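Trainee:
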Amino acid sequence: MTEGADGGTAEFFALDERYRALSERGDPLVRLASLINFEVFRAPLAAALRYSDRSRGAVPPYNPVLIFKTLLRQALSSIATRFFRSRRRMA
Numbered sequence: 440m441t442e443g444a445d446g447g448t449a450e451f452f453a454l455d456e457r458y459r460a461l462s463e464r465g466d467p468l469v470r471l472a473s474l475i476n477f478e479v480f481r482a483p484l485a486a487a488l489r490y491s492d493r494s495r496g497a498v499p500p501y502n503p504v505l506i507f508k509t510l511l512r513q514a515l516s517s518i519a520t521r522f523f524r525s526r527r528r529m530a
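Going by the working numbering, 502 is the number at position 63 of the sequence shown; the sequence numbering is gapless.
#1: Could you give the C-beta distance for A485 and P503, rounded to a whole number, given that I count them as a contact under 8 angstroms?
#2: Along the chain, where does the alpha helix (DSSP H) containing P467 start, and where does it finish?
#3: Can you find the residues in the same chain that come closer than 8 angstroms, C-beta to C-beta, to S516, ignoring five residues on each side of it along the sequence?
#4: Would the beta-carbon of F480 fall within 7 angstroms of that of F507?
#5: When the Cα atoms are used, what is the spatial distance from R397 to V498?
#6: Mapping DSSP to helix, strand and coil, what is V498?
#7: Taking the alpha helix (DSSP H) that A453 falls in, what are its first and last residues?
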């Protein structure tokens, strides 16, 4: 670890600082979580993904809600990117 600018110990990636900055700017993931109850989607997602029974020692499956959140966030980011690119072209 290194010494930070304030004389304290700086973390390697300074995660606390990054999370604080995201919260101040309005983290979109926190906002989505406050608007959508993602647990409602767990049963339909698990049924749609048809995980194996792991009887042969398979790797544990990914959390279906986490996969859904990741895909949703990716889609929203893509939409925002296209929107801002189109606005730049109009300017």
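By construction, the Cβ of each residue, glycine as well, lies at the ideal position given by its N, Cα and C atoms.
Predicted model, so just to flag it, every value in this text is computed and none were measured.
Mentor: Let me spell this out:
#1: One-based indexing of the sequence shown puts residue 485 at position 46. One-based indexing of the sequence shown puts residue 503 at position 64. Going by Cβ atoms, the distance from A485 to P503 rounds to 5 angstroms, so yes, they are a contact pair.
#2: As a working mapping, residue 467 is identified with position 28 in the sequence shown. Here the alpha helix (DSSP H) through P467 covers 467-474.
#3: One-based indexing of the sequence shown puts residue 516 at position 77. Here the set comprises nothing.
#4: Your numbering for residue 480 matches position 41 in the sequence shown. Your numbering for residue 507 matches position 68 in the sequence shown. Contact: yes.
#5: Missing from the structure shown is residue 397; the chain here goes from 440 to 530 and no further.
#6: Within the sequence shown, residue 498 is the residue found at index 59, counting from 1. If DSSP states are grouped into helix, strand and coil, V498 belongs with coil.
#7: Indexing the sequence shown from 1 puts residue 453 at position 14. Membership of A453 in any alpha helix (DSSP H) is not indicated, and neither H nor E is assigned to it by DSSP.
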